[in-house]
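In the working numbering, the protein residues as written are 1 to 594.
All residues carry an ideal CB built from backbone N, CA and C; glycine is no exception.
Just below is one structure, and these are the notes that go with it.
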């Protein structure tokens, strides 16, 4: 195919600014999907995406417009899936930046736009939702010009819902996007930018050919994995999978090569031919660093191997989470998993339960701490139960974030109050316009992962938006709070918290467990402790049987004798009794919402 006819672009925007709806209109306008077959969020194939109304996985599609081929990638908007966006940009020469004409620039708009600028991509900017009564396209076009430097008169005004202005946007993409460069006669170099596992056909990889020609009659070598495979099928998504004989430089499509081992076709892999192939691999992707860690355990211990297989398959489709086996005295065998954020953790857990029919318990999320022991050795701890004893710790460093919050100026005070209570340090305040402000804070990650985002939205009536990036480690006064049940620590409830918040956490957890643990024949003390020091306590009262019920008057010594006997029995039971925590209590106590 003539390279001059090809355009590779992707849609980037803040969450809910209309990326998927715009992709729908483009599919309709270019005739890729028949009007009778059209449905909302056409490219979002997962049930979870359709239910939540968000894009989780990037999706690619090939469109024909005005004699040109447009390879379009629809990307997620949430900050947790920024890794998906950075992968899609590696397969493009331009981006379509979508901004809501009733809300203006949001945190992810800036973050994604800067990603595109760093990748040296051309930007086609448009204001979407101009059909809304609250739309102010001229005002926000001026804001985009001021903040991002894109001239206001070059910003297109469209409505992805009604289709107004979308054909002009497609014309602009064709006119602005440079044609890809590549040499058809050079050795094959093709980049895998996404993969998923199909239980009938094995691994299906989304692929962009940089140089050479990818064809079905040539044996392929995967350079990083060091394996060779025969291609079963090469094709393009139009959006239905359509097999083709070959893909040339600049083209985007899919590759099926009967690969069963999930580790052989990771995102960022370079594919070349076995004979006369390329010497150098393409620049892949930096591995994303997990920020939030949580234990995943099957409710039924027999499902441990099923959970391992499910994690292996899901890891291929989403290479941004990590997992390793771990054991808990309370929960049995499971896996310690690392995620990019809380929404990412929620999505992975829900996908495991739905797609692989598993029932799981997840422990409270924690972050990765760098602990320096008194002997000078530094250890990395992502599970509170791995923390060395207090006497062996010299210092504990926790991860920090650079957070930027975009908000109407009316909410500046309430956002600063929220960040201060989360041990945040104010860095700067920038006014984008008289009505909108960007507040920059340095925050401990541990304070952000639980409910910071929910609090931010509720305190600003949903108007504020958040973006963040890692900002290194800093030493602080941190301690491990253990929860003891009848004198025995329950590792699943341990947490590393700031010294000032230790009592509040311990008290809250003890009170919560008091409501959840069923009463026994003996008293069960629930204690929160730092090392050997108890900081909070509550007690689950014992059942009390009235042993004097059958007595009727008479000498008081008979009554005292029976009560004394009962007391001794209770004492013996207390010393040998074990407290079994029901699964429901674990699930409720580890609920993130509270």
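Contact set for residue i: own chain, Cβ-Cβ below 7 Å, skip 5 residues either direction
i	result
residue 397	369, 370, 473, 474, 475
residue 649	Only positions 1 to 594 of the chain appear in this structure, which leaves residue 649 out of reach.
residue 277	187, 188, 221
residue 435	408, 409
residue 172	124, 156
residue 92	8, 9, 10, 73, 121
residue 301	332, 333
Residue span of the beta strand (DSSP E) that contains residue i, given as start and end
i	result
residue 402	393-408
residue 376	Careful: residue 376 lies outside any beta strand (DSSP E) and carries neither H nor E.
residue 177	Careful: residue 177 lies outside any beta strand (DSSP E) and carries neither H nor E.
residue 103	Here residue 103 belongs to no beta strand (DSSP E), and DSSP marks it neither H nor E.
residue 74	68-74
residue 264	First-last for residue 264: undefined, no H or E at that position.
Which of helix, strand or coil DSSP assigns to residue i
i	result
residue 310	helix
residue 345	helix
residue 240	coil
residue 275	coil
residue 557	helix
residue 5	helix
residue 304	helix
residue 227	strand
residue 463	coil
residue 367	coil
residue 188	coil
residue 470	strand
residue 338	strand
residue 199	coil
residue 362	strand
residue 552	coil
residue 526	strand
residue 593	Residue confidence for residue 593 is low, a pLDDT of 41 falling below 50, so the modelled location carries little weight and cannot support an answer.
residue 144	helix
residue 246	strand
residue 384	helix
residue 490	coil
residue 20	helix
residue 509	helix
residue 85	helix
Proximity test, Cβ basis, 8 Å: residue i and chain C
i	result
residue 60	The structure shown contains no chain C; it holds only a single protein chain.
Environment of residue i [buried if 16+ CB atoms lie within 10 Å]
i	result
residue 291	buried
residue 406	buried
residue 458	exposed
residue 431	exposed
residue 354	exposed
residue 420	exposed
residue 528	buried
residue 417	exposed
residue 377	exposed
Segment limits, alpha helix (DSSP H) that includes residue i
i	result
residue 458	452-459
residue 112	107-118
residue 419	412-421
residue 448	445-448
Same chain only: Cβ atoms within 8 Å of residue i, ignoring 5 sequence neighbours per side
i	result
residue 213	184, 188, 246, 247, 248, 249
residue 64	30, 31, 32, 70
residue 163	25, 28, 29
Residues of its chain near residue i, where Cβ-Cβ distance is below 6 Å and the 5 sequence neighbours each way are ignored
i	result
residue 356	310
residue 539	523, 525
residue 593	With a pLDDT of only 41 at residue 593, under 50, the local geometry of the prediction cannot be trusted, and the value read off the model is given with reservation. Cβ neighbours of residue 593 beyond the five flanking positions: none.
residue 274	219, 221, 228
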